[in-house]
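Going from the sequence shown to my numbering is simple: count from 1 and add 1.
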Amino acid sequence: MINTAGGVEIEVSGTTKDIDEFVFLINKNPPSLAYITDVRVEELPFASIEGFSIEHSRGGAQRSALVSPDVCVCSDCLSECYDPGDRRFRYPFINCTNCGPRYTIIRDIPYDRPNTTMSEFVMCPRCLEEYKDPEDRRFHAQPDACWSCGPSLSLWDTRGNPMPAGDPIRKAADLLLDGRILAVKGLGGFHLAADATRNDSVTLLRTRKQRFEKPLAVMVTDVETARAFADVGPEEASLLESPQRPIVLLAKKNTRYIAEQVAPLNPNFGVLLPYTPLHYLLLDAVGKPLVMTSGNLSEEPIVAANEEAFQRLGAFVDAFLMHNRKIHQRCDDSVARVSGGKPRIIRRSRGYVPMPVFLEESTVETLATGGELKNTVCLTKENRAFVSQHIGDMENLETFELFKATIHHLESILELHPRILAHDLHPDYMTTVFAKEEEHRFEKRIAVQHHHAHIASCMGEHGLQGPVIGLAMDGTGYGEDGTVWGGEVLLAHADRYERWGHFSNLLMPGGEKAIKEPWRMAVSFLYRTFGERMRSLNLDLWRRIAEDQIDVLVQMMDKEINSPQTSSCGRLFDAVSSLLGIRDFVTYEGQAAIELEALSDFKESHEYPFDLVREKGTVILKSESLFEPLVMDLLNGVHRGTIGSRFHHTLVSAWAEFCTRAREESGINQVVLSGGVFQNRFLFETASERLACKGFEVYVHDKLPTNDACISFGQAVVANAALRASDRSG
Ligand code: ZN
Ligand code: ZN
Ligand code: FE
2 MINTAGGVEI EVSGTTKDID EFVFLINKNP PSLAYITDVR VEELPFASIE GFSIEHSRGG
62 AQRSALVSPD VCVCSDCLSE CYDPGDRRFR YPFINCTNCG PRYTIIRDIP YDRPNTTMSE
122 FVMCPRCLEE YKDPEDRRFH AQPDACWSCG PSLSLWDTRG NPMPAGDPIR KAADLLLDGR
182 ILAVKGLGGF HLAADATRND SVTLLRTRKQ RFEKPLAVMV TDVETARAFA DVGPEEASLL
242 ESPQRPIVLL AKKNTRYIAE QVAPLNPNFG VLLPYTPLHY LLLDAVGKPL VMTSGNLSEE
302 PIVAANEEAF QRLGAFVDAF LMHNRKIHQR CDDSVARVSG GKPRIIRRSR GYVPMPVFLE
362 ESTVETLATG GELKNTVCLT KENRAFVSQH IGDMENLETF ELFKATIHHL ESILELHPRI
422 LAHDLHPDYM TTVFAKEEEH RFEKRIAVQH HHAHIASCMG EHGLQGPVIG LAMDGTGYGE
482 DGTVWGGEVL LAHADRYERW GHFSNLLMPG GEKAIKEPWR MAVSFLYRTF GERMRSLNLD
542 LWRRIAEDQI DVLVQMMDKE INSPQTSSCG RLFDAVSSLL GIRDFVTYEG QAAIELEALS
602 DFKESHEYPF DLVREKGTVI LKSESLFEPL VMDLLNGVHR GTIGSRFHHT LVSAWAEFCT
662 RAREESGINQ VVLSGGVFQN RFLFETASER LACKGFEVYV HDKLPTNDAC ISFGQAVVAN
722 AALRASDRSG
């Protein structure tokens with residue numbers, strides 16, 4: 002047997018029957034971390050093979066072997082870790098062939114110790130013996146280590162001095178129990194840790210990090226503990242316990258066990274189980290749930306190196322719990338939830354990356370630079386699309402550096418030389434500017450419209466070529482006509498689309514500012530619906546926002562100064578959220594819509610009338626027409642939870658009506674849903690059901706997030722479909 006960069010080669014000799022059985026068993030019972038993409042069998046001249054041996058790995062010319070994601074500690078390792086008789090008793094870096102760090106420590110392939118950050122540690126004779134023994138469960142476990150030869154843990158103060166501690170974990174736990182904040186180095190980067198049951202610690206963490214409302218993840222020892230403060234169904238439990246160990250969004254239970262400040266005004270807690278032995282030991286020592294949030298400055302990438310941690314996180318924490326195994330690739334925790342009875346990924350990072358998405362057709366090697374928010378990049382090779390870990394919002398230099406480093410890293414570990422470059426249509430995005438600067442390295446550069454990328458991404462997951470009816474509902478994306486799109490009904494093929502319908506264009510007074518300040522969209526909708534008469538309505542909004550601010554906004558809109566047109570569905574949510582007094586200002590993306598969903602009771606399915614009209618060949622949802630009945634409800638004292646519910650139901654009906662008309666005209670029966678709006682569980686589930694009831698074949702994201710993290714993959718799909726189309730025609 003030999004590990005090559007192209008996969009595993011096994012030479013066996015025996016009777017035809019035995020060999021057939023051998024091949025059958027490999028397919029049927031692969032080792033727990035093996036991912037079989039295909040098995041090829043070739044006949045060789047007969048040679049009698051005695052015993053079992055593994056040859057030295059070959060680098061090889063064609064690197065198509067898959068690099069494994071990081072895997073949570075397995076139960077065998079965990080029981081050794083808690084066995085006082087074991088030589089690795091309480092060793093925080095215990096791992097084996099079935100578990101441990103992978104993607105975050107790999108510098109190059111093939112995946113062998115010298116190509117990882119474990120190369121600095123020389124195996125002791127006992128570890129080496131296990132490593133070489135085919136009968137041992139640590140046989141060829143590259144990060145294998147023990148107390149005497151492997152990485153070690155230490156505690157440091159904020160000035161970078163080691164803190165004397167016989168047992169760094171015990172000491173760290175005592176600090177946490179004392180209400181202190183710690184930086185803890187994990188698998189893909191640092192966490193900021195605090196006692197999740199104490200409001201004072203969590204508030205301290207928020208104040209220091211200047212992160213006031215965005216929910217913080219909570220780590221608990223097991224599913225039972227999570228049940229004490231959140232609803233955990235069977236699907237949620239298996240997602241929590243899966244080897245990927247994502248943060249799982251769980252509905253809050255009415256309890257004061259977890260500090261209110263962990264996820265204020267949010268209907269969910271983000272909960273995860275420990276995934277490294279270090280986390281298990283720390284959690285046991287604390288005996289309570291811990292806040293474990295990414296160690297970073299507000300919008301910057303997660304901190305991964307020790308020196309960097311002292312510099313950047315020193316102001317947030319009281320001590321550092323660190324180790325000396327280097328993190329080569331930063332990787333945030335993944336986030337997922339159960340929706341429509343299945344796991345849905347919201348942030349696809351640690352545990353999932355770099356597993357590819359398999360495509361129906363082979364590709365020309367492509368680099369797609371993704372979107373501006375929740376950026377990921379995508380590289381393709383043959384029929385595999387490798388979507389990177391979460392990189393972040395491309396609004397600072399540090400994130401841009403991580404973006405470039407990730408492209409470089411993926412190109413080298415996958416030995417990929419992309420010939421095609423795909424990017425967003427927006428001329429000013431950092432990802433577009435980068436693409437234009439790098440153009441000379443590529444044979445072709447292709448710009449892809451944001452919402453076409455959304456729909457194509459979901460099509461690519463399901464191997465659809467189109468035509469489909471694509472409902473792309475999200476915040477913002479640059480449109481072909483230079484306006485801001487976001488409530489789009491496309492008739493789409495993988496390589497092209499037609500904007501068949503959309504939400505009406507409203508003004509976004511203040512441009513980008515209107516995204517952070519939903520009250521601006523509320524005024525925009527009110528002004529469109531009622532004109533100056535809006536001011537005579539007895540609305541709370543007028544008591545919250547000063548009159549001169551309203552005056553300025555009206556003038557901006559009258560003169561169309563810094564007020565781009567938008568058909569965004571997300572902005573409609575913002576407007577309703579502000580009108581109902583939920584959110585006039587947001588501190589994180591999607592907050593207004595999340596809190597509106599949380600407040601809506603969904604007890605009744607009454608909905609508002611709406612208009613779908615054809616204007617110059619395009620079907621428009623007059624979204625402002627919803628505002629009249631909505632305002633009347635509000636003035637009549639209808640409960641806000643009821644109004645929110647009616648609003649949600651109306652949207653679902655409007656989508657269904659869009660699709661029905663599009664089907665009548667085009668004969669297309671396949672509907673594809675994509676865009677950040679479908680992270681709203683009610684809308685996602687109700688829309689899928691309603692459309693299915695109307696006989697549509699409905700496709701949703703199963704492998705990638707429905708938010709902008711799927712854009713890079715969609716761009717790669719569109720670019721390759723466009724290439725195939727131009728090959729056919731020319
Ligand atoms: Zn293990
Ligand atoms: Zn050892
Ligand atoms: Fe989007």
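For glycine and all other residues, C-beta sits at the position ideal for the given N, C-alpha and C.
- Rounded distance between the beta-carbons of Ala-320 and Met-164, thought under 8 angstroms: 6 angstroms
- Relative to ligand 3, what is the chain-ordered list of residues with a Cβ closer than 5 angstroms to any of its non-hydrogen atoms? Asp-475, Asp-709
- Query: What is the rounded straight-line gap between the Cα of Gly-487 and the Cα of Pro-468?
  - Reply: 20 angstroms
- Item | Sub-8 angstroms separation of Glu-608 and Arg-647 beta-carbons | yes
- Range covered by the beta strand (DSSP E) that runs through Lys-695: Secondary structure note for Lys-695: it is in no beta strand (DSSP E), with a DSSP letter that is neither H nor E.
- What residues in its chain sit with their C-beta under 7 angstroms from that of Cys-570, if we drop five residues either side in the sequence? Met-474, Asp-475, Gly-487, Gly-488, Phe-504, Val-678
- Task: Within the same chain, show all residues whose beta-carbon is closer than 6 angstroms to that of Ile-259, passing over the 5 residues directly before and after it, in chain order.
- Result: Ala-197, Phe-230
- Task: Sort Pro-519, Ala-495, Val-553, Leu-491 by Cα distance to Trp-656 and report the nearest one.
- Result: Leu-491
- Message: Measuring straight from C-alpha to C-alpha, what distance separates Ser-537 and Thr-567?
- Response: Ser-537 and Thr-567 have their alpha carbons spaced roughly 26 angstroms apart.
- Query: First and last residue of the alpha helix (DSSP H) that includes Leu-266?
  - Reply: Here Leu-266 belongs to no alpha helix (DSSP H), and DSSP marks it neither H nor E.
- Message: At the level of alpha carbons, what is the spacing between Thr-5 and Gly-187?
- Response: 30 angstroms
- Bridge partners of Ala-252, per DSSP? Asn-269
- Message: Tell me whether Ala-146, by its Cβ, gets closer than 7 angstroms to a heavy atom of ligand 2.
- Response: Yes.
- Query: What separation, rounded to the nearest whole angstrom, lies between the Cα atoms of Arg-89 and Cys-125?
  - Reply: 13 angstroms
- Query: So the beta strand (DSSP E) Glu-366 belongs to, where does it begin and stop?
  - Reply: 358-369
- Check Asp-158 in the structure and name its three-state DSSP category. coil
- Determine which residues share a DSSP beta bridge with Asn-376 and list them. Gly-393
- Item | Member of Arg-544, His-424, Asn-506 whose CA lies at the smallest distance from the CA of Trp-520 | Of the candidates Arg-544, His-424, Asn-506, the one whose C-alpha sits nearest the C-alpha of Trp-520 is Arg-544.
- Along the chain, where does the alpha helix (DSSP H) that runs through Glu-242 open and close? 235-242
- Query: Using DSSP with H/G/I as helix, E/B as strand and the rest coil, what is Trp-520?
  - Reply: helix
- Query: DSSP on Lys-29, reduced to helix/strand/coil?
  - Reply: Residue state, collapsed to three classes: helix.
- What do you get for Lys-210, buried or exposed, if any count of 16 or more other CB atoms within 10 angstroms of its CB means buried? Counting Cβ neighbours within 10 Å, Lys-210 comes out buried, since at least 16 surround it.
- Message: As a quick exercise: from Leu-291, Gln-262, His-702, Leu-368, pick the residue whose alpha carbon is nearest that of Val-221.
- Response: Nearest C-alpha to Val-221 among Leu-291, Gln-262, His-702, Leu-368: Leu-291.
- Message: For ligand 2, is there any heavy atom lying closer than 7 angstroms to the beta carbon of Ser-149?
- Response: yes
- Message: Is any non-hydrogen atom of ligand 2 found closer than 7 angstroms to the C-beta of Arg-127, if you look at the structure I gave you?
- Response: yes
- Roughly how many angstroms separate the alpha carbons of Ala-62 and Glu-383, rounded to a whole number? Bear in mind that a pLDDT of 45 at Ala-62, under 50, signals an unreliable position, so the number given afterwards is only what the model happens to contain. Answer to the nearest angstrom: the Cα atoms are 15 angstroms apart.
- Quick one: any contact between the segment 442-452 and the segment 413-431, if contact means 3 or more CB pairs under 8 angstroms? yes
- How long is the line joining the alpha carbons of Val-13 and Arg-114, rounded to whole angstroms? 26 angstroms
- Cβ atoms of Val-72 and Thr-277: under 8 angstroms apart, would you say? Cβ distance not < 8 angstroms, so Thr-277 and Val-72 don't count as in contact.
- Task: Indicate whether Cys-332 and Tyr-700 have their beta-carbon atoms separated by less than 8 angstroms.
- Result: no
- Leu-631: which of His-649, Gly-371, Glu-439, Thr-432 sits nearest, CA to CA? His-649
- When you compare only the Cα positions, how much space is there between Leu-411 and Ala-184? 28 angstroms
- So does Met-293 have its beta carbon nearer than 7 angstroms to some heavy atom of ligand 2? no
- Thinking C-alpha only, which one of Phe-387, Tyr-498, Glu-10, Gln-592 is nearest Ile-414? Phe-387
- Gly-715 in three-state terms, based on DSSP: helix
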